[in-house]
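Asker:
Protein chains: 2
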Amino acid sequence: MEYLAELQAKGERAKQAARQLANLGTDVKNRALYKMAEALETEKEAILAANAIDLAAGKAKGLSKALIDRLLLNETRIAGMAEGLRQIAQLPDPVGEVIWGTRRPNGLEIRRVRVPLGVIGIIYEARPNVTVDAAGLCLKAGNAVILRGGSEAINSNLCISRIIATAAVQAGVPENAIQLIETTDRQAVNAMLKMNRYLDVIIPRGGAGLIKTVVENSTVPVIETGTGVCHTYVDASADLAMAQAIAINAKVSRPGVCNAMETLLVHRAVAQEFLPPLLDKLIEAGVEIRGCEETMKLHPAVKPATEADWAEEYLDLILAVRVVANIDEALDHIARYGTHHSEAIVTKDYNNARRFQQEVDAAAVYVNASTRFTDGFEFGFGAEIGISTQKLHARGPMGLSELTSIKYVINGNGQIR
Amino acid sequence: MEYLAELQAKGERAKQAARQLANLGTDVKNRALYKMAEALETEKEAILAANAIDLAAGKAKGLSKALIDRLLLNETRIAGMAEGLRQIAQLPDPVGEVIWGTRRPNGLEIRRVRVPLGVIGIIYEARPNVTVDAAGLCLKAGNAVILRGGSEAINSNLCISRIIATAAVQAGVPENAIQLIETTDRQAVNAMLKMNRYLDVIIPRGGAGLIKTVVENSTVPVIETGTGVCHTYVDASADLAMAQAIAINAKVSRPGVCNAMETLLVHRAVAQEFLPPLLDKLIEAGVEIRGCEETMKLHPAVKPATEADWAEEYLDLILAVRVVANIDEALDHIARYGTHHSEAIVTKDYNNARRFQQEVDAAAVYVNASTRFTDGFEFGFGAEIGISTQKLHARGPMGLSELTSIKYVINGNGQIR
Chain P
1 MEYLAELQAK
11 GERAKQAARQ
21 LANLGTDVKN
31 RALYKMAEAL
41 ETEKEAILAA
51 NAIDLAAGKA
61 KGLSKALIDR
71 LLLNETRIAG
81 MAEGLRQIAQ
91 LPDPVGEVIW
101 GTRRPNGLEI
111 RRVRVPLGVI
121 GIIYEARPNV
131 TVDAAGLCLK
141 AGNAVILRGG
151 SEAINSNLCI
161 SRIIATAAVQ
171 AGVPENAIQL
181 IETTDRQAVN
191 AMLKMNRYLD
201 VIIPRGGAGL
211 IKTVVENSTV
221 PVIETGTGVC
231 HTYVDASADL
241 AMAQAIAINA
251 KVSRPGVCNA
261 METLLVHRAV
271 AQEFLPPLLD
281 KLIEAGVEIR
291 GCEETMKLHP
301 AVKPATEADW
311 AEEYLDLILA
321 VRVVANIDEA
331 LDHIARYGTH
341 HSEAIVTKDY
351 NNARRFQQEV
361 DAAAVYVNAS
371 TRFTDGFEFG
381 FGAEIGISTQ
391 KLHARGPMGL
401 SELTSIKYVI
411 NGNGQIR
Chain D
1001 MEYLAELQAK
1011 GERAKQAARQ
1021 LANLGTDVKN
1031 RALYKMAEAL
1041 ETEKEAILAA
1051 NAIDLAAGKA
1061 KGLSKALIDR
1071 LLLNETRIAG
1081 MAEGLRQIAQ
1091 LPDPVGEVIW
1101 GTRRPNGLEI
1111 RRVRVPLGVI
1121 GIIYEARPNV
1131 TVDAAGLCLK
1141 AGNAVILRGG
1151 SEAINSNLCI
1161 SRIIATAAVQ
1171 AGVPENAIQL
1181 IETTDRQAVN
1191 AMLKMNRYLD
1201 VIIPRGGAGL
1211 IKTVVENSTV
1221 PVIETGTGVC
1231 HTYVDASADL
1241 AMAQAIAINA
1251 KVSRPGVCNA
1261 METLLVHRAV
1271 AQEFLPPLLD
1281 KLIEAGVEIR
1291 GCEETMKLHP
1301 AVKPATEADW
1311 AEEYLDLILA
1321 VRVVANIDEA
1331 LDHIARYGTH
1341 HSEAIVTKDY
1351 NNARRFQQEV
1361 DAAAVYVNAS
1371 TRFTDGFEFG
1381 FGAEIGISTQ
1391 KLHARGPMGL
1401 SELTSIKYVI
1411 NGNGQIR
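Residue numbers (our numbering), protein chains in the order written: chain P, 1 to 417; chain D, 1001 to 1417.
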């Protein structure tokens, strides 16, 4: 139960740090972010050495090539992490923004002001760059952060968190604003999920399994991120050249991310004209096609899709394809199998465009564009801590303001009720 | 396990209703609210008869006088519920509001639009009026609602929910938009807390015990409401007449509510002048005083406060009083014992006013006004589903917009990444 003592001590310290962080000047926070970036570059040898230990252990344990790649740090990646921190420094500080205000008939002046959330727990997997990203974003929004990375990356994370936490303190940030859970005991995650006394929110960043565990076991409020079974529906009136470009982009440009298309729905009236040339191109790009019966009749390489395929987030060069009778069938399919992430229609029909955007229940609903745009940078937020697929607090790409809460500040001159 | 079948069936139906509700016109929703109000008044005899059964059972079970009063309905209270629905009809519809929008360099037009949360679970205790309030607010914000009231009020709630649900359907609202859990099996609450598949959020409304149970056991996102250990700090520079009026109002005007003051903090420099006459008046109003040692020296009727008193939400005519050396001691006390609800300073000092509002971490932070103003109606929201004491999604009084989420609606002309 040593992990409990560590968690409790870190929770207590984070809470104290949060109280000071809430009133820290923007200048101090920005200076800290630049110092942290500089320190990562100055101490890159130490980071690479720590990372080498993780890589060796990972290879010895037989981790997959993909996992090893996620774990890997090199000079370019370290420079990328530093650059990320400098970008966060350049974003406007969300804390202190007055979102709304009024003067009541009795003279009370009420303002709704953005404040930090407090203490944020981040639970993530093998990517050590999350340590830097999450710490930078939490700091800029005035929050203390408790990081819990994957055990495969423990040496990298310990080294990185020590470097950035030290640099932050040197710049005037309170001690313990950035803390990493040091134990790799798996029980520590479960204990963290019950730390309502210390944590204001937990954000899991990783695969579907991690997110499910966190959502199902956490009593601390969670922001659910990630899973995207995204659809593109090609309407009867679609510009088919546009639809082809969008479908290829949505599937092929980066299949491993949550905003990539997993299922293509095509109106029956254009299926025969649209699908064969598109499927040729997708197959040429290495995509495996799993289709409904009608799709199978249109191309010899199509494998049969099972019920499970419609609900699957492949995160890979695999695409499910279904021919539908009309927009209603497309809407029903999306309501049934979608994960409320990103959905697109390609159409020239004004009413269908409007209806699709109104009726589809998802974080981002597109007309005539690729689902791949669901991203904090593409939306112009300048940063992203993840993409929320829940409806409470934050939905869609989360930037700095999603890492804040509000408080009401009320000024009177003796009002009583 | 019959309750599981009921919950699942109601969850499934609520989800279907929610899809239709999201696109229901404001006119239909308002017409339904007026019809529901009318039906409550037309069928008041049935409601009173059902309520009489609950009251008789409650008295037989030996429920406290306070609990019986909460349970009690009469013509005035029924008229009050109906009036509440008409007021909700008159509020602007939050759904469809465009909160933000931009055009990106690539031509994509992005709008952030308010949408309903989906399906809301409300878990409450003895007050049957919550059935009406919660149903009305959820409906206006386009949400389906699943209500679970206290078993003491089951007959009243069954009758009321049948009346308003029927009236809503007659006005064009989809079936199953308003549902009440009929079983009084206590296990049903625990099962409801795990219904992530059907419920987008759970809002508990009731005492500290209920809220604790919900927060600790729910895997569905929860909006925590309620507990208020609210402080008033009287600074050395305070206008003492104003401070006296504010203190009396905050404690005495309605001691049983969450925004009432529970602890008074007084700067040592004014304690001797301020406290004796104030305590006289409070005691005259029936308030029991529990004070620190210094307070005890200033008035013979003061009982000694224990450590537990500083953390207690009395919800009664009891007040804890402590003399502090300065604003720092007041801020530390509030940070330690406060529940982040409502806190007030009475002062003429500009810097102390500013510092108090910046440093106190609470939903509402007042200068020179009573904490009793933390209320949706007093803030001008026109309605209130509760007061959130958490930081995620909603904080402070929650009106209709706190019962909504957002979605991003994106219009392009063929953009790919």
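Cβ atoms here follow ideal geometry from the backbone N, Cα and C, with glycine treated the same way.
1) Only counting runs of 3 or more residues, tell me where the beta strand (DSSP E) segments fall wholly within the stretch 1144-1173 of chain D, in order along the chain.
2) Nearest to E1440/D by CA position, among I1099/D, A1135/D, L1024/D, V1028/D, is which residue?
3) Looking at R1372/D and I410/P, is the spacing between their C-beta atoms short of 9 Å?
4) Measuring alpha carbon to alpha carbon, tell me which residue in V1130/D, D1185/D, V1270/D, I1178/D is nearest S1156/D.
5) Measuring CA to CA, which of A188/P, M81/P, E329/P, A22/P is closest to L4/P?
6) Taking DSSP as the reference, what is the three-state secondary structure of T1213/D?
7) So which residues on chain P does A1362/D lean against when the C-beta distance must stay under 8 Å?
8) For F379/P, go through chain D and note every residue whose CB falls closer than 7 Å to its CB, in chain order.
9) Secondary structure at G1338/D, three-state DSSP: helix, strand or coil?
10) Which ranges does the alpha helix (DSSP H) cover as unbroken runs of at least 4 residues, wholly within the stretch 211-255 of chain P, from first to last along the chain?
11) Which residues in chain P sit within 7 Å of P1221/D, going by Cβ to Cβ distance?
12) Please return the same chain residues whose Cβ sits closer than 6 Å to the Cβ of L1180/D, not counting the five positions on each side in sequence.
13) Using a Cβ-Cβ cut-off of 6 Å (strictly less than) and excluding sequence neighbours within five positions of K1044/D, which residues of its own chain qualify?
14) Verify whether the separation of the beta carbon atoms of L265/P and V234/P is less than 9 Å.
15) From the DSSP output, in three-state form, read off E1175/D for me.
16) For M242/P, return the contacting residues in chain D, with the cut-off set at a CB-CB distance below 7 Å.
17) Counting only Cβ pairs nearer than 9 Å, list the residues of chain P close to L1004/D.
18) For E1097/D, return the contacting residues in chain P, with the cut-off set at a CB-CB distance below 7 Å.
19) Hey, how far is the Cα of T1232/D from the Cα of G1226/D?
20) Report the residue from I122/P, P116/P, E97/P whose alpha carbon sits nearest the alpha carbon of R205/P.
21) Fully enclosed by the stretch 324-374 of chain P, which beta strand (DSSP E) runs are 3 residues long or longer?
22) Could you tell me which of G1380/D, D1280/D, V1115/D sits nearest to G107/P, measuring between CA atoms?
23) Pull up the DSSP beta-bridge partners for R103/P, would you.
24) Can you tell me where the beta strand (DSSP E) holding R1205/D begins and where it ends?
25) Cβ closer than 9 Å: which chain D residues qualify as neighbours of A285/P?
26) Go ahead and pull the three-state DSSP assignment for I88/P.
27) Suppose the cutoff is 6 Å on Cβ atoms and the five residues either side in sequence are ignored; what does the same chain contact list for S370/P look like?
28) So with CB distances below 9 Å, who are the chain P contacts of G1396/D?
29) Less than 9 Å between the C-beta atoms of A1037/D and M1081/D, yes or no?
30) State the CB to CB distance for the pair V1113/D and I1318/D, rounded to an integer number of angstroms; the pair is presumed to be in contact (CB under 8 Å).
31) Answer yes if the stretch 1343-1360 of chain D comes into contact with the stretch 1385-1399 of chain D, meaning at least three C-beta pairs across the two stretches below 8 Å, and no otherwise.
32) Count the other CB atoms, across all protein chains shown, that sit within 10 Å of the CB of K1065/D; report buried if there are 16 or more and exposed otherwise.
33) List the residues that DSSP assigns as beta-bridge partners of R432/P.
34) Would you check if the stretch 167-187 of chain P and the stretch 207-227 of chain P touch, i.e. whether three or more CB-CB distances between them fall below 8 Å?
35) State the DSSP-derived secondary structure class of P1116/D, mapped to helix, strand or coil.
36) Please report the distance separating the alpha-carbon of G1118/D from that of K1015/D.
Answerer: Reading off the structure:
1) 1144-1148
2) Because chain D spans 1001 through 1417 in this model, residue 1440/D falls outside it and cannot be assessed.
3) no
4) V1130/D
5) A188/P
6) helix
7) K407
8) I1110
9) coil
10) 240-252
11) P221, Q390, L392
12) L1147, N1157, S1161
13) I1078
14) yes
15) coil
16) G1414
17) Correct list: empty, because the minimum Cβ distance to chain P is about 18 Å.
18) Correct list: empty, because the minimum Cβ distance to chain P is about 13 Å.
19) The straight-line gap from Cα to Cα measures roughly 18 Å.
20) I122/P
21) The stretch 324-374 of chain P contains, as complete beta strand (DSSP E) runs of 3+ residues, the segments 342-346, 364-369 (chain order).
22) Of the candidates G1380/D, D1280/D, V1115/D, the one whose C-alpha sits nearest the C-alpha of G107/P is G1380/D.
23) E109/P
24) 1201-1205
25) Within chain D, no residue comes near A285/P; the closest Cβ sits about 14 Å away, beyond 9 Å.
26) helix
27) I246, N249, A250
28) Under the 9 Å cutoff, chain P gives R112, I406, K407, Y408.
29) yes
30) Cβ atoms of V1113/D and I1318/D stay farther apart than 8 Å, at about 48 Å.
31) no
32) exposed
33) With chain P covering only 1 through 417, there is no way to say anything about residue 432/P.
34) no
35) strand
36) Cα-Cα distance, rounded: 7 Å.
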